[in-house]
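Residue numbers (this note's numbering): 961 to 1154.
What follows is the structure, given as structure tokens:
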């Protein structure tokens, strides 16, 4: 049975439309994933900056309190004179809390709360070493979390990864089909009379 030439034209047009649709879909997906990665990178930079500001503020504030321990008037005067530092500490604390997920980042949130409570509570029942230990713990946990986020940014989102592999499969499948069935295709095409 001989197929008319118009069938091949129709098949070619359908394949061209499918390929065009695949490229359009892939471009839209890549564009969205790039934007998501940009937002994630901005988030990483913001968290890094806020943790840096917070650890500086809490370290500075609490070490001054510890150095004045035992002299209530001196402590009160320091707090009154450094309300801006306390406000910066509170702002950084709240900003970090808003950037984190309270369940996924529970360890970081707990250490953050511990550090904030050192500065916010009324009694000075801690040492500079206690603060430094908690600061180092916060920095270490934050670095681990930011590293995991960076790996996600580098490798792409899950949907992007799935589409990348699907696109590769769809690209290689016809090539593999032709390679595997090359002899049959040649025989078929030679039997067609044009």
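Even glycine gets a Cβ: it sits at the ideal position worked out from N, Cα and C.
* Asked: Looking at the structure shown, is residue 1060 part of a helix, part of a strand, or coil, going by DSSP?
  -> Numbered from its first residue, the chain shown carries residue 1060 at position 100. Coil, per DSSP.
* Find out if the Cβ-Cβ distance for the pair residue 1098, residue 1058 is shorter than 8 Å. => By 1-based counting over the chain shown, the position of residue 1098 is 138. By 1-based counting over the chain shown, the position of residue 1058 is 98. For residue 1098 and residue 1058, no; Cβs fall outside 8 Å.
* Start-to-end residues for the alpha helix (DSSP H) that takes in residue 1112 -> Here residue 1112 refers to the residue found at position 152 when the chain shown is read from its first residue. Taken as a continuous stretch (DSSP letters only), the alpha helix (DSSP H) holding residue 1112 covers 1088-1115.
* Asked: Within this structure, are the beta carbons of residue 1094 and residue 1074 separated by less than 8 Å?
  -> Within the chain shown, residue 1094 is the residue found at index 134, counting from 1. Within the chain shown, residue 1074 is the residue found at index 114, counting from 1. Yes, the pair counts as a contact, with Cβ atoms nearer than the cut-off.
* Asked: Under 8 Å between the Cβ atoms of residue 1089 and residue 1049?
  -> Position 129 of the chain shown, counted from the first residue, corresponds to residue 1089. Position 89 of the chain shown, counted from the first residue, corresponds to residue 1049. No.
* Along the alpha helix (DSSP H) that carries residue 1065, what are the first and last residues, could you check? => The count along the chain shown starts at 1 and reaches residue 1065 at position 105. It is not in any alpha helix (DSSP H) - residue 1065 carries neither H nor E in the DSSP assignment.
* Look at the alpha carbon of residue 1003 and the alpha carbon of residue 993, and state the distance between them as a whole number of angstroms. => For this step, residue 1003 is matched to residue 43 along the chain shown. For this step, residue 993 is matched to residue 33 along the chain shown. Looking at the two C-alpha atoms, the distance is approximately 15 Å.
* Would you call the stretch 1018-1036 and the stretch 973-993 in contact, with 3 or more CB pairs under 8 Å? -> no
* Name the two residues that bound the continuous alpha helix (DSSP H) containing residue 1039. => Mapped onto the chain shown, residue 1039 falls at position 79. 1032-1041 is the span of the alpha helix (DSSP H), which, as asked, contains residue 1039.
* To do: Note down the Cα distance separating residue 1033 from residue 1118, rounded to an integer number of angstroms.
  => By 1-based counting over the chain shown, the position of residue 1033 is 73. By 1-based counting over the chain shown, the position of residue 1118 is 158. Between residue 1033 and residue 1118, the C-alpha separation is close to 57 Å.
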